[in-house]
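K.L.:
After the structure tokens below, expect a handful of questions from me.
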Amino acid sequence: MSVSTREEEYIEVIYELQECGNLKIREIARRLGVRPSSVVEFLRKLEEKGLLEYEKGGRVQLTSKGLELAKSLEAKHQLLYKFLIALGVPKEIAIRDACKMEHYLHPETIVRIKEFLSKCNMGELK
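For the sequence shown, the tail end lands on 126 under full-length UniProt numbering, and the numbers increase by one without skipping.
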């Protein structure tokens with residue numbers, strides 16, 4: 001199943017909000033810079049793909065498939081952030097760039113970055 005960059009962004013935001021207990025349509029809309037009605041429409045698309053369950057009235061829950069994707073995106077983001085920090089990129093820029101890069105890099109590139117960081121003993125950078 002193919003997932004678009006925008007779908008990944010929604011999954012990430014939903015995961016973050018679910019983790020901190022503030023999963024509301026209004027908050028998803030605020031974080032993504034869209035109207036609540038657009039969020040509802042998009043949630044239905046994600047539900048059709050089996051990534052989440054959505055009930056009218058606002059209940060949103062990632063499925064195991066959605067949770068797996070969210071955790072994968074989070075791990076990719078952390079890896080890219082560590083890589084950028086290792087290159088000397090300032091923290092705030094590294095955060096923003098990792099967020100953008102995680103959606104576009106080929107999986108093989110991610111594997112190579114992970115291997116590089118491991119060889120350089122940088123896998124544990126904070």
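Here a beta-carbon is modelled for each residue, glycine too, at the ideal position from N, C-alpha and C. It should be emphasised that the depicted structure is a prediction, and the values quoted were computed from it without experimental measurement.
In whole angstroms, what is the alpha-carbon distance linking residue 37 and residue 8?
P.N.:
Here residue 37 is taken as the residue at index 37 of the sequence shown, counted from 1. Here residue 8 is taken as the residue at index 8 of the sequence shown, counted from 1. Rounded to the nearest angstrom, the two C-alpha atoms are 19 Å apart.
K.L.:
Compare the Cα-Cα distances from residue 19 to each of 67, 89, 117, 76 and report the closest residue.
P.N.:
Against the sequence shown, residue 19 aligns to sequence position 19. Residue 19 has its Cα closest to that of 67, out of 67, 89, 117, 76.
K.L.:
Beta-carbon within less than 7 Å of residue 103's beta-carbon, same chain only, minus the 5 sequence neighbours each way: which residues are those?
P.N.:
If you number the sequence shown from 1, residue 103 lands on position 103. If we look at residue 103 and ignore the five residues flanking it on each side, its Cβ neighbours are 5, 8.
K.L.:
If you follow the beta strand (DSSP E) that residue 62 is part of, which residue opens it and which one closes it?
P.N.:
Translated into positions along the sequence shown, residue 62 becomes position 62. Start and end: 59-62.
K.L.:
The beta strand (DSSP E) with residue 43 in it runs from where to where?
P.N.:
Along the sequence shown, read from residue 1 onward, the residue named residue 43 stands at position 43. First-last for residue 43: 36-48, but that is the alpha helix (DSSP H), not the beta strand (DSSP E).
K.L.:
Determine whether the Cβ of residue 11 lies closer than 8 Å to any Cβ atom of chain C.
P.N.:
The structure shown has no chain C; it contains just one protein chain.
K.L.:
Can residue 52 and residue 14 be called in contact, C-beta distance under 8 Å?
P.N.:
Start at 1 with the first residue of the sequence shown, and residue 52 comes out as number 52. Start at 1 with the first residue of the sequence shown, and residue 14 comes out as number 14. Their beta carbons are under 8 Å apart, which means residue 52 touches residue 14 by this criterion.
K.L.:
Compute the Euclidean distance between the alpha carbons of residue 28 and residue 75, then round it to the nearest angstrom.
P.N.:
In the sequence shown, the residue the question calls residue 28 occupies position 28. In the sequence shown, the residue the question calls residue 75 occupies position 75. Approximately 21 Å between the Cα atoms of the pair.
K.L.:
Do you know whose CA, among 112, 95, 2, lies nearest residue 45's CA?
P.N.:
Residue numbering aside, residue 45 sits at position 45 when the sequence shown is read from its first letter. Of the listed residues, the one whose Cα sits closest to residue 45 is 2.
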